[in-house]
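Chemist: Just passing along the structure, written as structure tokens.
Residue numbers (the working numbering): 102 to 503.
What follows is the structure, encoded as structure tokens:
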């Protein structure tokens with residue numbers, strides 16, 4: 102089981118005191134006299150996904166807002182970001198530069214699944230906590246000094262399938278999954294929850310991330326008699342599948358992952374996005390919750406050319422995670438060290454963190470996001486149609502699913 106696996110890893114690291122690298126390293130990035138803590142992130146300003154810059158801009162906006170508020174007991178955050186081109190090898194070099202040249206205290210909201218995975222060995226060696234890696238790898242849950250918000254995509258797919266069955270009353274549910282770690286994770290959770298529901302998948306069809314034509318996939322969906330289709334891939338994949346279904350007259354309920362509930366998807370899919378559901382650990386960007394309102398206002402002030410969407414709220418929320426953890430450290434009265442930051446993070450319970458809710462960590466379990474809502478695009482807006490509920494146990498606790 103997952104918990105056993107986690108406990109073994111956590112106890113081994115604690116026993117070895119892997120983070121205890123000496124006072125000089127532990128206090129790196131902390132200016133006690135001026136009450137400034139320096140943190141950093143690698144981010145793709147160049148490379149194949151430069152639009153991910155909105156994630157980092159939102160994180161920067163968060164720290165600017167907090168610094169101006171003075172609400173962290175007079176402390177301010179110096180946020181250093183450097184371009185890695187979304188190249189894992191460069192990410193490691195950039196992380197090393199942030200630690201050794203910029204003397205960061207921790208990594209905060211570094212961007213990318215593969216890039217963060219590549220950096221993990223160095224971060225562990227250097228004793229640098231990684232707070233809010235913006236990616237979806239299950240490896241993040243297994244490292245004691247890494248604190249992820251994003252869930253395993255298997256949990257999200259399980260939540261979506263469960264809602265399709267119990268919320269919509271659909272018995273014939275199909276899965277279209279990207280043939281990489283994202284889609285394979287979704288398939289694991291989907292298969293587990295479908296078995297738990299006593300249902301056979303109507304279809305389970307892989308596709309390449311570069312797929313632009315889904316005509317053949319949709320024919321299989323139509324022949325299966327599916328009532329609901331879960332698609333776990335990019336926003337471009339979702340838009341292409343919706344267009345193929347429209348051309349072939351296939352009328353089903355569609356579900357997609359949280360990051361596609363974004364204006365960028367609307368630009369690609371247009372009116373075809375109407376009615377699509379999204380399993381999401383984040384509140385809708387239109388929410389009137391104070392933390393989400395603050396996101397919209399801060400981005401409009403500091404990065405007025407950036408779109409207000411789920412990508413930005415994602416970056417904002419992961420930056421908020423460091424703030425929440427650092428405040429817990431201050432409240433503890435413990436010395437400001439990396440070890441004590443990890444200790445403080447492990448006391449976070451049922452916290453509201455940016456657009457996320459119910460965020461909880463312990464020394465034995467780093468699955469921070471433990472619940473999802475269901476968002477639907479309708480009448481020109483992304484709205485919450487089912488409140489946050491815990492992930493289905495069968496997927497959340499499974500060794501392969503988490």
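The C-beta atom is built at its ideal place from N, Cα and C for all residues, glycine as well.
Looking only at its chain, what residues have a beta carbon closer than 8 Å to the beta carbon of residue 256, apart from the 5 residues adjacent to it on each side?
Modeler: So the list reads 290, 473, 492, 493, 496, 497, 502, 503, once near-sequence residues are dropped.
Chemist: Quick one: using the 10 Å Cβ neighbour count with 16 as the cut-off for buried, is residue 482 buried or exposed?
Modeler: Answer is exposed; the Cβ neighbour count stays below 16.
Chemist: Does residue 410 pass the burial test, meaning 16 or more other C-beta atoms within 10 Å, or should it be called exposed?
Modeler: Buried.
Chemist: Any idea if residue 392 is buried or exposed, counting beta-carbon neighbours within 10 angstroms, 16 or more meaning buried?
Modeler: Result: buried.
Chemist: If I measure Cβ to Cβ from residue 462 and keep anything under 7 Å in the same chain, skipping five residues before and after, which residues do I get?
Modeler: Excluding residues within five positions, the ones whose Cβ falls inside 7 Å are 248, 446, 447, 449, 469.
Chemist: Is the region 215–224 touching the region 421–439 in the sense that three or more CB pairs, one from each, lie closer than 8 Å?
Modeler: With the cut-off at 8 Å, the region 421–439 and the region 215–224 do not touch.
Chemist: Per DSSP, what kind of secondary structure is residue 417 in: helix, strand or coil?
Modeler: DSSP places residue 417 in helix when its eight states are reduced to three.
Chemist: Using the C-alpha atoms, what's the distance from residue 475 back to residue 488?
Modeler: One C-alpha to the other measures close to 7 Å.
Chemist: Could you give the residue range of the alpha helix (DSSP H) that holds residue 344?
Modeler: First-last of the alpha helix (DSSP H) with residue 344: 336–348.
Chemist: Which residue wins for smallest C-alpha separation from residue 372, given the options 341, 386, 401?
Modeler: Closest by alpha carbon: 341.
Chemist: Taking residue 267 as the reference, which of 132, 322, 211, 329 has the closest Cα?
Modeler: Residue 267 has its Cα closest to that of 329, out of 132, 322, 211, 329.
Chemist: Leaving aside the five residues before and after residue 182 along the sequence, list all residues of the same chain whose C-beta is less than 6 Å from its C-beta, in chain order.
Modeler: These residues qualify, in order along the chain: 142, 144, 157.
Chemist: Could you name the residues of the same chain whose beta carbon sits closer than 7 Å to that of residue 262, not counting the 5 residues immediately before and after it, in chain order?
Modeler: Taken in chain order, the residues that qualify are 274, 291, 294, 295, 331.
Chemist: Return helix, strand or coil for residue 506, following the three-state DSSP convention.
Modeler: Outside the shown range of the chain, which is 102 to 503, sits residue 506, and nothing can be said about it.
Chemist: Please work out which residues of its chain come closer than 7 Å, Cβ to Cβ, to residue 264, disregarding the five sequence neighbours upstream and downstream, and give them in chain order.
Modeler: Cβ neighbours of residue 264 beyond the five flanking positions: 475, 487.
Chemist: Return the residue from the list 437, 382, 229, 398 that minimises the CA-CA distance to residue 254.
Modeler: It is 382.
Chemist: Out of 315, 259, 237, which one is the CA nearest neighbour of residue 282?
Modeler: Taking only the C-alpha atoms, the option nearest residue 282 is 237.
Chemist: To which residues of the same chain is residue 251 closer than 6 Å at the C-beta, ignoring the five residues directly before and after it?
Modeler: Same-chain partners within the cutoff: 237.
Chemist: Hey, quick one: how far does the alpha helix (DSSP H) through residue 483 stretch, first residue to last?
Modeler: No alpha helix (DSSP H) holds residue 483; the beta strand (DSSP E) holding it covers 482–491.
Chemist: Can you tell which of 484, 485, 464, 443 has the C-alpha that lies nearest to the C-alpha of residue 229?
Modeler: The shortest Cα separation from residue 229 among 484, 485, 464, 443 belongs to 443.
Chemist: Below 7 Å CB to CB, which residues in the same chain sit around residue 352 once its five sequence neighbours on both sides are set aside?
Modeler: There are no such residues.
Chemist: What do you get for residue 361, buried or exposed, if any count of 16 or more other CB atoms within 10 angstroms of its CB means buried?
Modeler: Under this definition residue 361 is a buried residue.
Chemist: Looking only at its own chain, which residues have a Cβ that is under 6 Å from the Cβ of residue 459, when we skip the five neighbours before and after it?
Modeler: Same-chain partners within the cutoff: 451, 471, 472.
Chemist: By how many angstroms is the C-alpha of residue 374 removed from the C-alpha of residue 343?
Modeler: Rounded to whole angstroms, residue 343 to residue 374 spans 8 Å at the Cα level.
Chemist: When the Cα of residue 175 is compared with those of 370, 134, 355, which residue comes out closest?
Modeler: Taking only the C-alpha atoms, the option nearest residue 175 is 134.
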